[in-house]
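Mapping the sequence shown onto full-length UniProt numbering, position 950 (from 1) lands on 950, and the numbers just tick up by one. Each residue gets a CB set at the ideal place from its N, CA and C atoms; glycine is no exception.
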Amino acid sequence: MYLNCHTWFSFLYGTITPQNLLNKAKSIGLERFVLADINNTSGCLQTMRLAQNTGVSPILGIDFRNNHEQKFIGIAKNHHGFEQLNRLLSYHLKTEKPFEDVCPVTDDVFVIYPFQQHQEFDLKAHEFIGVNHKNLHDLQSPKWKKWLHKMVILHPVSFLQPQDFHLHHLLRAIDKNTILSKLEAKDLAFADEMLLDETAFYDLYQHHPTLLKNTSALLNNCEPINFEFKQHKNKSVIDLHPDKETAQQNDYEMLVKLTYNGAIERYQTISQKVKDRIEKELTLIRSQDFVPYFLINHKIISFARKRGFYYIGRGSGANSVVAYCLRITDVDPIELDLYFERFINLYRKNPPDFDIDFSWQDRDEIIQYIFDTYGLEHVCLQATYTTFQTNSTYRELGKIYGLPTEEIEVLAQRAKKGIKAYADEKLYQEINFFAEKLANFPKNLSIHAGGILISDQPIFKYTATFHPPKGFPICQFDMHEAEDLGLYKFDILSQRGLGHIKDTLAIVKQNQGVEIDIHDIPKFMQDGKIVKHLEKGNLIGCFYVESPAMRMLLAKLECRDYLTLVAASSIIRPGVAQSGMMREYILRHHQADKGKSLAHPILWDLMEDTYGVMVYQEDVIKVAHIFAGLDLGEADVLRRGMSGKFRSRAEFLKVEESFFSNCRRVGHPDALAKEVWRQIESFAGYSFAKGHSASFAVESYQSMYLKAYFPLEFMVGVINNFGGFYRTEIYVHEARKNGAIIQAPCVNQSIYLTTIKGITVCLGFIHVGSLEQKLVDTFLEERTQNGDYEDLSDFVNRVAVGLEQLIILIRIGAFRFTGKSKQKLLWEAHFLLNKQPKKLVNQSLFKHKPNQNFSIPQLHYDKRNDLLDEMEILGFPLSSPFELMANQGIKGIKAADIPLHLGKEIVIVGYLVTTKYAKTKHGQTMFFGTFLDQERNWIDTVLFPDVAARFSFKGYGCYLIKGKVTKEFNFYTVEVISIEKLGWWNAGD
């Protein structure tokens with residue numbers, strides 16, 4: 001009899017999880033209720049899935065509101081009615097037009113108008129007035145008696161227990177961004193909006209049998225919707241034949257044809273081994289109904305290849321030879337002996353993952369192509385839920401309780417460290433209590449990083465959609481619900497690394513006239529120059545391998561080949577490192593002849609290429625299946641759990657129990673089983689599939705080739721795409737280290753992005769953050785139309801520029817071509833503009849020189865002033881930052897000489913590049929710091945907890961470092977004893 005139940009998907013309003021709502025309904029014997037969240041359908045699929053086999057049959061609807069003013073409730077009589085309601089909500093969310101007083105949807109729906117909102121208009125057969133117990137006394141009025149036959153009970157549900165009202169109160173204050181005492185009653189639900197048992201409910205309405213009868217009849221005239229969970233719903237892209245079996249057969253035949261055509265291109269001659277693998281994969285792909293998934297991915301990358309877009313296919317799908325033949329991936333799973341069962345097996349319910357990365361410049365066109373190809377009716381972006389997290393929860397609660405900003409920040413920082421707020425005070429007890437209650441509560445919908453859903457049926461059959469201010473429609477459920485529904489997620493992602501490669505190829509062709517075959521990966525893998533860079537960790541700018549941690553790992557491994565790089569790409573992940581298995585892998589790598597004796601025989605046989613150490617996701621499946629005797633289905637549950645993707649904690653715990661019981665059954669000692677399980681657990685949320693790591697390594701090799709042979713053009717490509725591990729300054733200095741002449745932006749030479757001519761790199765105006773882009777566009781267009789600027793006065797005469805913006809250009813050196821000092825140019829600028837309002841561009845056909853009859857005094861010049869200007873305007877100096885040290889007498893050893901001082905204490909001066917915070921296993925804080933010395937060589941430091949407690953990093957700048965030189969696996973680190981930031985030179989000194 002409940003026609004308006006809210007879950008926590010009525011964001012910042014509802015308090016009930018779908019599971020708890022169903023549990024309560026079942027406990028009070030409620031067979032039907034209407035789930036109608038406020039302007040949202042996020043809870044619909046989850047509730048219907050959870051309701052299976054419970055005896056409870058929810059009916060779906062939507063509570064339509066304008067800024068929480070309830071206009072009407074739409075209830076779906078059937079699936080078509082649900083689709084119509086979704087279309088109405090989607091239109092509202094896209095256009096932001098308010099809902100009208102009368103619901104425009106009439107097909108297969110019931111519409112209920114709240115008693116207070118109903119106006120004098122005729123009600124159609126599907127329309128009713130909703131009455132709750134507070135309105136019952138009004139029904140005696142003649143005005144309402146005539147409508148009695150069109151009235152139903154509207155008893156909203158927003159809480160399961162009285163104390164949840166306080167939680168609702170907090171949510172509403174957060175939503176309204178106001179303190180609790182200022183929240184208005186109209187913004188709150190009533191405190192009695194709870195599910196009542198049958199007796200209590202009928203006691204309220206026992207004297208109004210017509211209302212009870214009408215409500216019951218309405219519910220009985222609705223059909224619970226069957227979403228056919230786990231039935232695949234992707235489009236059949238090759239043949240839209242009305243007969244599904246014919247379409248599926250045609251699709252399969254197309255997949256077979258494309259696969260074998262691709263196999264000939266990839267292998268030239270198809271060996272029996274390749275053919276057997278192809279046939280095995282095709283059979284499973286067909287039996288699991290994954291054919292459309294492969295065809296759609298193939299269609300997407302075929303379009304990309306025609307457009308000349310660079311992409312990289314990764315994820316578990318990279319373990320597939322069919323994907324390799326279709327050119328979805330560039331990793332040969334047969335050559336790399338990739339574990340087939342990680343890709344697909346009979347027990348696997350979800351499709352393999354294809355994460356396809358495009359350049360950030362190309363991704364939007366790919367997404368547009370998908371929408372154009374399959375249509376807005378059938379495509380949407382994947383949503384995610386933004387939830388309350390510890391830090392933000394304490395901040396939100398602090399604000400609505402009216403605490404001062406400083407106190408809120410203390411609360412948040414304490415929470416971050418796992419320390420509860422002052423538990424002895426009542427207010428803070430309350431904040432702690434509700435912070436725990438709100439943990440992982442959904443706050444709103446957001447956009448998945450790259451997921452796109454394609455459905456054979458209109459997407460509105462499953463969800464309403466919402467639109468960001470600019471972009472494509474987004475569904476209202478997350479990827480787990482999509483998977484349960486049987487809608488595959490296509491991951492179309494963007495990354496800057498591909499932009500680096502694409503732009504560098506164009507820059508090399510322009511600057512040197514050389515065309516590069518960037519796909520000649522086998523050649524790159526054998527290239528001695530690349531091997532040297534890889535071994536030494538000389539990889540700044542290179543995709544996935546440039547970070548200090550990766551540079552350290554590669555140096556420790558003395559990495560020289562592709563397979564070691566593939567392993568490193570996965571070992572670097574936190575789980576492997578923190579478990580101690582990274583160190584174990586490095587140890588066995590350097591003692592390969594002894595490695596077998598260090599590993600359990602079964603683990604060695606399973607993972608000989610990684611010396612018996614679990615490195616990849618599929619290693620979890622191998623170990624669980626062969627070492628512990630779990631079937632592949634259980635092993636995949638374990639693998640998904642270790643990746644943070646399990647849906648059922650109970651299912652995961654059951655597999656854990658099976659793991660240990662099976663180990664005992666086959667005779668593994670408990671200590672060994674526990675150690676293997678510990679290693680598996682270390683993978684949680686962090687491990688890569690081997691094919692995924694291999695795909696990353698291919699892109700790394702492409703970057704390394706460009707870095708090795710075209711270092712200046714490559715650095716320009718990196719600088720223009722941003723998004724590398726380091727800040728722009730480091731790439732500029734790396735270019736200089738490789739022989740580049742670095743020039744500041746110039747109004748006659750520069751454009752918006754950074755350019756290179758020969759070995760001269762001219763920074764673009766994009767790096768002058770305080771410069772207005774409109775001005776840049778204006779003077780670049782003027783230069784294109786009418787030629788270079790002769791001097792400052794010519795610039796002022798041709799461009800409408802204010803004094804403040806002109807001063808920025810002068811200080812950054814944009815007029816150095818005039819040969820005049822900055823001081824002289826600044827004087828000139830004031831005389832030229834002389835506090836006059838900004839004038840319009842001179843449109844005269846003849847150049848006009850303003851009167852420059854003024855004298856300028858002799859001014860002292862110090863080059864370090866230029867460096868200070870660059871630091872203020874660009875964020876970094878274009879020449880060595882060490883020139884700005886106040887005390888030039890401070891000296892230390894060179895970074896290149898660190899190995900000569902092994903085991904000794906040294907003093908060295910370094911320019912801070914990056915820092916990393918870490919916790920020891922005992923919870924103590926430590927830091928890693930990476931520096932450059934004056935010759936631009938790396939200094940790697942570590943501050944152990946006792947030193948980290950006494951010294952800290954104080955922002956970018958030069959530091960005097962005292963420490964002891966240590967070495968592990970041929971990698972040198974300075975263990976810091978003391979560290980001090982050095983002062984900058986000041987022009988006033």
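If you look at residue 373, you'll find it in the alpha helix (DSSP H) that goes 363–374.
Bounds of the alpha helix (DSSP H) holding residue 870 are 863–873. Contact between the segment 25–39 and the segment 443–460 is absent: fewer than 3 CB-CB pairs across the two stretches fall below 8 Å. Following the DSSP letters along the chain, one finds residue 331 in no beta strand (DSSP E), marked with neither H nor E. At the C-beta level, residue 586 and residue 928 stay beyond 9 Å of one another. Shown here, residue 475 sits in coil according to DSSP, grouped into three states, outside any helix or strand. With contacts defined as CB atoms closer than 9 Å, residue 680 and residue 638 qualify as a contacting pair. Fully enclosed alpha helix (DSSP H) runs of no fewer than 4 residues occupy 945–948 of the segment 904–980, in order along the chain.
Each residue's CA atom was taken as its position, placing residue 986 and residue 706 some 40 Å apart. Counting only runs of at least 4 residues, the segment 530–598 fully encloses the following alpha helix (DSSP H) elements, listed from N- to C-terminal order: 548–557, 562–571, 574–578, 581–590 and 592–598. Look at residue 720 here: in three-state DSSP terms it is helix.
In the same chain as residue 770, and ignoring 5 residues on each side of it, the C-beta atoms closer than 8 Å to its own belong to 808 and 873, in chain order.
If you ignore the 5 residues before and after residue 111, its C-beta comes within less than 8 Å of the C-beta of 72, 73, 74, 75, 103, 105, 126, 127 and 128, all in its own chain and listed in chain order. Note on geometry: alpha-carbon atoms of residue 392 and residue 440 lie some 11 Å from one another.
Residue 884 counts as buried, since at least 16 other C-beta atoms from the protein chains shown sit within 10 angstroms of its C-beta.
For residue 386, same chain residues with a beta-carbon under 8 Å away, outside a window of 5 residues either side, are 442, 443, 444, 445 and 446 in chain order. Shown here, residue 830 sits in a helix according to DSSP, grouped into three states. Judged by their CB atoms, residue 754 and residue 741 are not nearer to each other than the 9 Å cut-off. Listed in chain order, the non-local C-beta contacts of residue 219 below 6 Å within the same chain comprise 32, local neighbours out to five positions each way being set aside. Residue 933 places its beta carbon less than 9 Å from that of residue 909. In terms of Cβ geometry, residue 452 and residue 367 form a close pair [threshold 9 Å].
The residue from 162, 35 and 380 with its alpha-carbon nearest to that of residue 90 is 380.
With 16 or more other CB atoms across the displayed protein chains lying within 10 angstroms of its CB, residue 533 is buried. Our two residues, residue 179 and residue 547, have alpha carbons roughly 44 Å apart in a direct line.
Counting along the chain, the unbroken beta strand (DSSP E) around residue 448 starts and ends at 442–454. As DSSP reads the structure, residue 984 sits in a beta bridge with 885. Exclusion of the five residues before and after residue 975 leaves 942, 963, 964 and 966 as the residues of its chain whose Cβ lies within less than 6 Å of its Cβ.
Judged by beta-carbon spacing, residue 191 lies within the 9 Å limit of residue 162, meaning their Cβ atoms are closer than that value.
Looking at the DSSP output, residue 66 shares a beta bridge with 69. Counted as a single uninterrupted DSSP element, the stretch harbouring residue 615 is not any beta strand (DSSP E), since DSSP gives it neither H nor E. Within the UniProt domain "DNA polymerase helix-hairpin-helix motif" (742–825), the runs of alpha helix (DSSP H) that reach at least 4 residues and sit entirely inside it are, in chain order, 773–786, 792–798 and 803–811.
Assignment of residue 695 by DSSP, reduced to helix, strand and coil, places it in the helix class. Excluding five sequence positions before and after residue 828, the CB atoms of its chain that fall closer than 6 Å to its own CB belong to 792, given in chain order. Non-local C-beta neighbours of residue 84 in its own chain, meaning closer than 7 Å and more than five positions away in sequence, comprise 105, 107, 108 and 109, ordered along the chain. Within the DSSP bridge table, the entry for residue 151 names 129 as partners. CA-CA distance, residue 662 to residue 337, rounds to 27 Å.
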